[in-house]
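Have a look at the structure below before the remarks.
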């Protein structure tokens, strides 16, 4: 599994503590396992699902506000 966020945080801390001179040393210890790119053939489907998800999130947020009031 990839721990990019953890590696990034560790790199920032190491640079801030002057343990490394530059972020380029990270390239030597990080191994990319996979790279995923959006499938352009189904991008319209992604957009439709995202639109529905965002609408539902808004409705649920409003419902939560209503229930909490």
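In UniProt numbering, the protein residues as written are 1 to 69.
Backbone N, C-alpha and C define an ideal beta-carbon position, used for all residues, glycine too.
TODO: May I ask you to report which of helix, strand or coil DSSP gives residue 5?
DONE: DSSP places residue 5 in helix when its eight states are reduced to three.
Task: Cβ shell of residue 26 (< 6 angstroms), same chain only, five flanking positions each side left out - done: The answer, listed in chain order, is 11.
Task: Proximity of residue 13 and residue 20 at Cβ, strictly below 7 angstroms - done: It is not a contact, given that the beta carbons lie outside the stated cut-off.
Open item on the list: Can you give me the C-alpha to C-alpha distance between residue 56 and residue 34, rounded to a whole angstrom?
Closed with: 31 angstroms
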